[in-house]
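Novice:
Residue numbers (the UniProt record's numbering): 1 to 155.
(1) When the distance is taken between beta carbons, is residue 96 closer than 7 Å to residue 74?
(2) Measuring alpha carbon to alpha carbon, tell me which residue in 126, 39, 134 is nearest residue 112.
(3) How is residue 101 classed by DSSP in three states: helix, strand or coil?
(4) Pull up the distance between the alpha-carbon of residue 22 and that of residue 103, whole angstroms please.
(5) On the three-state DSSP scale, how would you describe residue 68?
(6) Is it the case that the Cβ atoms of residue 120 and residue 145 are separated by a distance below 7 Å?
(7) Flag this pair as yes or no: are the beta carbons of residue 6 and residue 138 separated by less than 7 Å?
(8) Output the residue ranges of the alpha helix (DSSP H) runs that lie fully inside the UniProt domain "EVE" (3 to 148) and measure 4 residues or longer, sorted by chain position.
(9) If I'm right that residue 117 touches residue 93 with Cβ under 8 Å, what's the distance once you round it to whole angstroms?
(10) To the nearest angstrom, how far is it from the Cα of residue 99 to the Cα of residue 150?
(11) Ignore the nearest five residues each way along the sequence and tell me which others in residue 84's own chain have a CB closer than 8 Å to its CB.
(12) For residue 87, which residues of its own chain have a beta-carbon under 8 Å away from its beta-carbon, when the five flanking residues on both sides are left out?
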């Protein structure tokens, strides 16, 4: 099993939006970075990830599970969608998405500032200066450490 971090602006799609989604499941669409897309291509059903709110108060707020492996992102083909890409075609969709389902909320959000205080997490992509990847891998040890900080057993 691999572990991931899914970053989103709460004003765009929040943890509460996921809680209210049918089946507490959503497609992780609109990713327009090749490295993040390639990370999604590596995801497998059953992988776990942190749900991270970026923006004014960046924090890990919950845990999600990948429930559908990468498949073409239909938003790239829709001219009415803000994630439209005129270079994408049905034959060569370019962009992909995965489906994630809510597993559990953290008892308290873990802010980026809180995470940065731990040398054990210094190597995380999230902690790197200037990192803007919306989808990124998390080492198994870091995933377990963060679960411990949150006071939960690994889901």
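Virtual Cβ for every residue (Gly too), placed ideally from N, Cα, C.
Specialist: Per the coordinate set shown:
(1) Cβ atoms of residue 74 and residue 96: not closer than 7 Å.
(2) When only C-alpha atoms are compared, the closest one is 126.
(3) Residue state, collapsed to three classes: strand.
(4) When the Cα atoms are used, residue 22 and residue 103 turn out to be separated by approximately 14 Å.
(5) In the structure shown, residue 68 falls within a strand segment according to DSSP collapsed to helix, strand and coil.
(6) Remark: C-beta atoms of residue 120 and residue 145 approach each other more closely than 7 Å.
(7) The answer is no: Cβ separation not under 7 Å.
(8) Secondary structure in the UniProt domain "EVE" (3 to 148): the alpha helix (DSSP H) runs of 4 residues or longer, each lying completely within the stretch, are 15 to 20, 34 to 42, 112 to 116 in chain order.
(9) Contact flag wrong, Cβ pair sits at about 41 Å.
(10) The straight-line gap separating the alpha-carbon atoms of residue 99 and residue 150 is approximately 24 Å.
(11) These residues qualify, in order along the chain: 75, 76, 77, 78.
(12) Excluding sequence neighbours, residue 87 sits near 94.
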